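If you're matching them up, the sequences are chains A, B, C and D in order. Going letter by letter, the first sequence gives residues 379 to 872 in my numbering. Going letter by letter, the second sequence gives residues 10 to 204 in my numbering. Going letter by letter, the third sequence gives residues 54 to 401 in my numbering. Going letter by letter, the fourth sequence gives residues 54 to 748 in my numbering. For each residue, glycine too, the CB sits at the ideal point set by N, CA and C. Just so it is clear, the structure is predicted and the values come from calculations on it, not from any experiment. These notes concern the structure reproduced below.
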Amino acid sequence: MERITIDPVTRLEGHGKIEIFLDPDGEVANAYFQIPELRGFERFCVGRPVEEMPTLTNRICGVCPEAHHMAAAKAADAVYHVDPPRAAKLLRELLYSAFYVTDHTTHFYALGGPDFVVGPDAPAAERNILGVLAKVGMEVGGQVIQARKQGHNVIEMIGGRKIHPAAAVPGGMTRGITEERRAEIEKIGRWSIEFAQFSLGIFDRIVLGNDAYKEMVLSDGYTHRTYYMGLVDPNNKVNFYDGRVSIMSPDGERVGTYAPAEYRDWIAEHVEPWTYLKFPYLKKVGWKGFVDGADSGVYCATPLSRLNVAEGMATPLAQAAYERFYDTLAPTPESGGKRLVHHRLATHWARLIELLYAAEHMVELATDPEITSPNVRILPTEKPTEGVGTVEAPRGTLTHHYWTDERGVLTAVNLLVGTTNNYAPMAMSVKKAAQSLIHKGVVHQGLLNRVEMAFRLYDPCFGCATHSLPGEMPLAVAIRDSDGEVIEVLSQNC
Amino acid sequence: MSAQAPVAPALAQGAASAATFEPVIIGFTCNWCSYRAADLAGTARTKYPPNVRLIRLMCSGRLDPTFVLKAYAEGADAVLVTGCHPGECHYIEQNYKALRRFQLLQRTIEALGIEPARLQLVWASAAEGVRLASEIARVTEEVRALGPLNWPAGNIVDIDSVNLDAAWEATGGDAGGPPAMPDGVDPEHEAEVAQ
Amino acid sequence: MSPTARSNGAAKAAAKSRAKPKLAIFGAASCGGCDVAIVNIHEHILEVAAAFDIVLWPTIMDGKYADIEAMADGEITVTLVNGSMRTDETVHLARLLRRKSKFMVAFGSCASEGCIPGLANLSSRKEIIDTAFSTVSTDNPDGIRPIWEYQAPEGVLHLPEFEPMLRTLDQVVDVDYTIPGCPPESKQIWAALQAVVAALNGTGPLPPKGSILGAGESTVCDECARKRDVKKIDRFVRIQQVAQFDPEICLLEQGLPCNGPATRDGCGALCPAVGAPCIGCYGAAEGVVDYGARLISAYASIVEATKPEEIDRVLDGIVDPAGQFYRFSLAGSLLRSSRAAWNSDGEK
Amino acid sequence: MTAEHSHLPVEGEVRIGVYVCHCGSNIAGVVDVPEVTRWAAENLRDQGVVVARDYKFMCSSPGQELVTDDIKNLGLNRIVVAACSPHLHENTFRTATARGGLNPYLCELVSIREQDSWVTTDKAAATAKAKAILAGGVERVRRNEPLVPVTVDINPATLVVGGGIAGISATLELADAGFKVYLVEKEPSIGGHMAQFDKTFPTLDCAACILTPKMVTAGTHPNVELLTWSEVEKVEGFVGNFTVTVRKKARYVDEDACNGCGVCQEKCPKKVLDEVFEAGLGYRKAIYTPFDQAVPRTPVLDRPNCTYFERGTCKACEIFCESDAIDFTQEDKILTLQVGNIILATGYDLFDARRMQQYGYGRLPNVFTSLEFERLSNSAGPTNGHIVLRDGVTEPKSVAIVHCVGSRDKNYNSYCSAICCMQSLKFAHLVREHTEATIYEFYIDMRTAGKGYDEFYQRILEEGGIFVRGKPAEITDVARTPEEEGKLILQVEDTLVGQQRRFPVDMVILSSGLEPRADAKELAVRFGISCSFDGWAIEKHPKLDPVATMTEGVFVAGCVSGPKDIPASVAQGAAAAARVLGRIQQKQMNLEPIKATVHAEHCSGCRICNTMCPYNAISFDDVKGVSSINAAMCQGCGTCVAACPAGAISGSGFSDEQVLAQIEGLLRIGASGAPLERTAYPVTRHEAIEEAVRA
């Protein structure tokens, strides 16, 4: 076997680094998925005034700053023991729904979708937005751009800026919206509903209509039976902005739901010395390593998870799509519990259902009579102390927890960030892919695609997780023999 | 900026003991009061420590906080700001602006880990040569007691002259890596690499 | 990667060198907002793709550092670096790209002045790592920390070194141009890219080295629609202390510490427009040496008080001077950091 | 020694000449001058130093020739002289630089004498400090730019504020020289405090006799426009071109019609206590001229006290006025004057003796202030010069004169009021002249500096009287012994015999000190000058420029800048006039080119600088939305430069670049003279590796 010299570049290459070690028989001994960066927000936010957190923590992630903006604002509300006026909550949620439309659109068409639309075996160079356009036609490209553009316009109209919005503050929002803007947003909302339905149509046509794909979706290689987590409203319907966190066991039993402030009773973070990122797990179950099943505390928090923990969607069209989803993929409930889908690739479908819900919800909010009320902020009267704020980020449940002194200056900060939730499941997917595609020291060429697809479905945003890299996750895989010699380096999308 | 090789262990100079340490202090003077006070101290042969190096401005109101930060960044151990007594500014009221800037700047440097005593304000009229001299002596002693500030000299490593591949090989793969102990950050790390 | 592959890469590179100008977009320690901002030039992105041969854009499309390594020095026409220098890996890649690029552009606040993550320079490396791995929800009884060279049962695992201090691009390599903003406004990005394209086609002037692209030469007030009068501040307020701010009048005049007066224009004064103070993401105005110093001086100058204790009372309204004045620019400021960051007491 | 690297000048190259002065042994005795010179030549080459010389006396003509010759022969374009304080010889070397054909502002003088050799004992340390100071000057001068003074035209008219003796003498000097003067006085008549005095020390000539002629001349001089009963409300503009707004209060008397016959005062039925001129000892009418020799003669109608204005009937004055000069409908007039220079001679207020309650003034009737006594002893005064007790008839048998009332006392004013000793001696003489009374003088020290002053003191001593060295602790009417009954008793420690003593007397005169006018600070702001904490105007230089202020075109004369006696006030009036005449003769003048400038393209119109300028040199253009600075009004303090958050204001002569460069220069070497130790920047693996490879 050729000995490959590693120069410093490949040695350090990639923001996500995978090391696969083989045993003497050439079988996979272990696989490590490393996150090589850290930024330290939890440290340097200490000393800052709490009202700045919505704008400071925006900078954790430029892909989903809106999620951090909302979580921070809610945590700051809690620190001051204030409940913002209804109009303020409506505005925040409207902004947030518009963000979901943009983000899910981006992922489906630019990042995740290409695997299906263009095909998993197509050369990587084509598996991108341009490849998608080639396949589904330029006019769709126009619509995708339109969807992102409009979404960002709504975010700017309410939040002040397209990226890193500024308007959410302790007690509400800095400013309300005018009737003109409301009307415009409503229009965009209605358009987005059509666009979401159209996208679901594409998924139907290209994926569900293709047995090979369907088989792949259902295949064991992409199946993990873990716990699931997500925010639900009082009716156990999916909610992005507010509600209780609900946990579902791999067997479809509702383990419980908790108020965000109680997160510490439910979640802990495991530390490994070979990565800068921590591994959250269910405290009540415990950390058992990178394994699935009801005995392992590993859980995942994704669009799929949210559907799995919820009993439906709060809007009619999305609800219909939700039912179709389960009828198709999990016709029978697991051991009498809730019907669950463990096929990770179905996350793409779930994401489109959420896209539809977000669009419908936009219209609901934009047509609420109170949405244009000028009463969007209330003044705190109590001493600031401690507060937790949780929202559903597209990539998982996001929690900000602040402690302040009596001036409202931060004394401690804890952040449990979306993608982090899925770190362990992703590591497991890697190992699983490696084990199934490396035998007797021979590496199946499809390995990288496999691994990559396993990743994409989580829409990993390591900007959030490590505050190092946004959106799609470049990969570098080094495969070492039992002597630790690197026998192969594969890299993708560095 | 002085181009220093970055390989010396950090804070090597921290060793300088208070006894032998001679601080370097930048002093800003107002042309009409404190600079004349310094002249007067000279004319009267009033002796004071040589540690303060004066810069003449037209008025303490000209003092831009940038000057103070620049002095620290260039290696000064402290900065002494002087001007006319409040209410006696030759430009009527500008020294009040200097006072306000001083107070805000002092809060800021404190937040950056610099002892407030490394930024001092002394009012001295043109007639107060002796007083200025004694204040300079006082400030010098206070700073001597604090020890060196010795802010690091920033620098860009000029990489064009470096063969990175060779550089990497030179590390043999475990260059500077801290031992696998629970606390992953090795204190001696820089020093180790430097040698 | 095999030596043959390397030479192939070189051949490919040689072939390409006669083609369109090459563009590389590299994200160091970044949040990705800069990439999204570029994507947000929307349909124009296709024009960019047409004008340039995009050789590297990890977030959006494929490419390999290996190919970059294989290129001839200076083969890349323009490299946009967003994100700050946080690990030795990013520093290394920035230097690699510098060698391979004709023009190096510090893109966005992180690369040009450190941005919010630069506030990490208020603490020591040890404090940052210790905090991250001992939060209330962290299960870490043995006090485990990331280790740069970890001896796993199966072999050694390397992690990039988390540097003692976060640095800006120009503290690590020579930088030709800067595009400020967190993130830069998309319309400004497009304007800057057009200027670059024009320069490359010889249809426009090449901006002098060191130019700031995609921004104005003044400060945010220049673009701010709020009415301004002479300023006298007798108290600084925080947004949660005041029920209603006048939507027409300068926020600073209403006591809200707005960084607009010291912050470079180009964003369109979006934050003041939405009733939020400017937080300074576009960095300092033309020719300014230290952003924070300008703001400190300006704020203090307009305080309405003459007695030290009165002045203190007003200044108490600024609860976080370091953050207020160096929120985005600490790493790029004259002092670059708090003493804690380099004074290794924290690690002794 | 001399070190020179001779190569021909290159276009655009900075070529600096360094000149280090021995100043005899003043510098060379402590600083190793040849070493500093050598060091500069070798270590500051990269900074552009092409020649470094030292010389015994750089300020001597051969010393200056070194500079001028090198500029010509070596093509120098920057000069640094390390010698004494710029305040002494900056001009000398700038001129030398100009003679060499360079712009004078391309020369820097750094002080290694006042700031180094004269204040440092350790020679090594002094030499190191000299190097640092020199390096600072070199770095700075590299960034110096040629500056050209701003030239402004001088309007020959002058405004004099205050019609006391200082103002009057300034006015007459200017008017006689043939130039227009506006003399503004807030009282109905000019004359000031001097007009209230009877005699003047030490010559004892009658104040009125020497003052009146000057008043009359001022009142009738064709070049003088007298504006009494008037006050300056606003001053705009700058040296050479001030626009002054004056409020001429309504007199209710037509000045042109009035012939000053005084019949109106006779007929006016309303008697009013005269608090001002008669210091509350006498009465005047509701329409009045403060005193017989008043200038102008035109009386003033005191509206609040006028029966007609009170009740709507009377008009006695109008009825009896033959020239129909009375005009009840008159209103304040606002006048706008254009002048080139301004002389402030607003004088002083008397210390209010009530503040020292232990002296009982206001409570004990027979305690008088100096001003009251001036009126009492004045033959034209309320008692026609009879010195009597408050009852108006009884002559005092014993009179105590207390010095330093409100002066030389940290509880009131720490300064010496300069005139009280002489005034008190004068009082002693007047008391002796008019009465039989025994006289006591209570003093801290006798201060009789001045021509003929001490002689006067001796004369008074000879005239007899008891001089007690001590400051009375208390003045009371509570008797302890029969002989103290009905007397005022001064409780005092006689510091000559070192014991407490009590002096019963009939009358006490408090020699009150001088204080700035109550409105001194507002006045300072209105005229853009600075004043000390107490309120005395600050001179441009207390010794070398005592009548000029920091504000070009605004001068001071008399007590406005501190207590003075009459001769000093007169001298200052004339001196101020001379300074103004100099300006007028030049027709134009150059202003120091140290100015601030707004760069409009960088100005965001945030308006933070708008409140920075005490000279109102900064204005905001609403249309353009930018601020701008009037160069002529700018005094170059640089406060706005430091304040501008956009860095849009630059300050010539003290630019950011110059100061930042000087800081770098000053920090080139440490206290030992070796390069300043610096902490290394924290390194990471790669840098260490790269360094290692490079090494």
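By DSSP's assignment, Thr775/A forms a beta bridge with Glu770/A. Counting only runs of 3 or more residues that sit fully inside the stretch 161-248 of chain D, the beta strand (DSSP E) segments are 203-206, 211-214 and 234-237, in chain order.
Excluding five sequence positions before and after Gly621/A, the CB atoms of its chain that fall closer than 8 Å to its own CB belong to Leu609, Val610, Asp611 and Pro612, given in chain order. For Ile182/C, the uninterrupted alpha helix (DSSP H) segment begins and ends at Arg178 to Ala185. Distance between Lys593/D and Leu108/B, taken at the CA atoms: about 23 Å. Within a 10 Å sphere around the beta-carbon of Phe657/A sit 16 or more other beta-carbons, which makes this residue buried. According to DSSP, residue pairing for Cys74/D in a beta bridge involves Tyr108/D. Excluding five sequence positions before and after Tyr465/D, the CB atoms of its chain that fall closer than 8 Å to its own CB belong to Phe404, Arg408, Met409, Gly459 and Gly566, given in chain order.
Within 9 Å of the CB of Phe215/C, the CB atoms of chain A belong to Glu415, Leu416, Gly418 and Tyr654, in sequence order along the chain. Apart from sequence neighbours up to five positions away, the residues of its chain that approach Asp85/D with a beta-carbon distance below 6 Å are Thr180, ordered along the chain. Distance from the CA atom of Ala393/C to the CA atom of Ala251/C, rounded to whole angstroms, is 46 Å. For Trp395/C and Asp206/D, the gap between their C-alpha atoms comes out near 59 Å. For the stretch 332-349 of chain C, the set of residues with a beta-carbon nearer than 8 Å to any beta-carbon of chain B comprises Val342, Asp343, Gly345, Ala346, Arg347 and Ile349, in chain order. The count of Cβ pairs closer than 8 Å, one atom from the stretch 792-804 of chain A and one from the stretch 670-683 of chain A, reaches three, so the stretches are in contact. Rounded to the nearest angstrom, the gap between the Cα atoms of Leu442/D and Pro435/D is 12 Å. Distance from the CA atom of Ile523/A to the CA atom of Met691/A, rounded to whole angstroms, is 27 Å. For the stretch 261-330 of chain D, the continuous alpha helix (DSSP H) assignments of 4+ residues that do not extend past its boundaries occur at 316-320, in sequence order.
Each residue's CA atom was taken as its position, placing Thr75/B and Asp343/C some 6 Å apart. If you draw a straight line from the Cα of Asp169/D to the Cα of Glu161/D, it is about 17 Å long. When the beta-carbon positions are compared, Asp192/C and Ala646/A come within less than 8 Å of each other. When DSSP states are grouped into helix, strand and coil, Asn79/D belongs to the helix group. Here Lys262/C is exposed: its Cβ has fewer than 16 other Cβ atoms, across all protein chains shown, within 10 Å. With respect to the C-alpha of Ala450/A, the residue from Leu468/A, Met431/A, Asn686/A and Pro443/A having the closest C-alpha is Met431/A.
Secondary structure at Pro709/A: coil, using DSSP grouped into helix, strand and coil. For Met475/D, the enclosing alpha helix (DSSP H) covers residues Cys473 to His487. Of Cys68/B, Arg147/B, Ala85/B and Val77/B, the smallest CA-CA separation from Trp160/B is found for Ala85/B.
For the 8 Å CB-CB criterion, His75/D and Lys109/D form a contact. Of Phe186/C, Val225/C and Glu362/C, the smallest CA-CA separation from Gly385/C is found for Val225/C.
Only Ala142, Pro157, Asn159, Trp160, Pro161, Ala162, Gly163 and Asn164 from the stretch 138-165 of chain B bring a Cβ to less than 8 Å from some Cβ of chain D. Annotation: Gly517/D to Pro616/D spans about 29 Å, alpha carbon to alpha carbon. Straight-line spacing of the CA atoms in Arg45/B and Asn431/D works out to 47 Å.
Two segments are said to touch when three or more pairs of C-beta atoms, one from each, lie closer than 8 Å; by this definition the stretch 187-205 of chain C does not touch the stretch 349-366 of chain C. Listed in chain order, the non-local C-beta contacts of Ile379/D below 7 Å within the same chain comprise Tyr305, Val306, Cys317, Cys370 and Glu371, local neighbours out to five positions each way being set aside. Sequence-ordered contacts of the stretch 71-93 of chain B with chain C read Asp73, Pro74, Thr75, Leu78, Lys79, Tyr81 and Ala82 [C-beta pairs closer than 7 Å]. Taking each of Gln129/B, Cys68/B and Ile118/B in turn and checking the Cα distance to Leu78/B, the smallest one comes out for Ile118/B. By the beta-carbon neighbour count (other beta carbons within 10 angstroms, threshold 16), Gln638/D is exposed.
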